[in-house]
Amino acid sequence: MPNKEKLELKVQPGEGYPAHLEPWIAHLTNLSSIEHVTEKVKGAFGFVQGTHRFSVPFGEGFDIDAERAKVQKDLDYQQGFLRSVRGKLSNEKFVNGAPEQVVENERKKEADALAKIAVLEEKLADLG
Numbered sequence: 022m023p024n025k026e027k028l029e030l031k032v033q034p035g036e037g038y039p040a041h042l043e044p045w046i047a048h049l050t051n052l053s054s055i056e057h058v059t060e061k062v063k064g065a066f067g068f069v070q071g072t073h074r075f076s077v078p079f080g081e082g083f084d085i086d087a088e089r090a091k092v093q094k095d096l097d098y099q100q101g102f103l104r105s106v107r108g109k110l111s112n113e114k115f116v117n118g119a120p121e122q123v124v125e126n127e128r129k130k131e132a133d134a135l136a137k138i139a140v141l142e143e144k145l146a147d148l149g
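If you use this note's numbering, the sequence shown corresponds to residues 22 to 149, in order.
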């Protein structure tokens, strides 16, 4: 997507949303518009910041199949990584013999992988 192409931003604002900053945000980020919505936007890239959900609708020329393949590849990697981490955590010898900090790091890796998998699955659903 060319940098000169203006984008639309859809906002599902949460509590404390700084609407007074929208003109500055639009100017600094080359947005054509900022629209408040009440439901999640389909057919868009989305992200969450605090309690606010932001979406940028797919533009013309967007290759949805390529994006879907990329997200699926990332999802497959994360699922394999999660299996590896869970393999370690299910090994009693590892859990009982490793320092507590190492075991905690593996548990954190498991939680991080689960969170990433949830985001990637949501992206795939959004892509259809």
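C-beta: ideal position from N, C-alpha, C; glycine also.
Asked	Found
Roughly how many angstroms separate the alpha carbons of P44 and N51, rounded to a whole number?	11 angstroms
Determine, using beta-carbon pairs with one atom in the region 28-37 and one in the region 72-79, whether at least three such pairs fall under 8 angstroms.	yes
List the whole-angstrom C-beta distance separating A134 from L110, where the pair is believed to meet the contact cut-off of C-beta under 8 angstroms.	Actually they do not touch by this definition, with Cβ atoms about 12 angstroms apart.
Between the beta-carbon of R89 and the beta-carbon of L148, is there less than 7 angstroms?	yes
Short of 8 angstroms in beta carbon distance, which residues of its chain neighbour K130, apart from the five on each side in sequence? Order them along the chain.	F102, V106
Within the same chain, show all residues whose beta-carbon is closer than 6 angstroms to that of E56, passing over the 5 residues directly before and after it, in chain order.	K31
Can you give me the start and stop residues for the beta strand (DSSP E) that E56 sits inside?	52-57
Based on DSSP bridge pairs, tell me the residues matched to L30.	I55
Using a Cβ-Cβ cut-off of 8 angstroms (strictly less than) and excluding sequence neighbours within five positions of E142, which residues of its own chain qualify?	L96
Identify, in the order they occur along the chain, each residue of the same chain with its Cβ nearer than 8 angstroms to the Cβ of E36, setting aside the five sequence neighbours on each side.	T72
Note down the Cα distance separating K94 from G64, rounded to an integer number of angstroms.	20 angstroms
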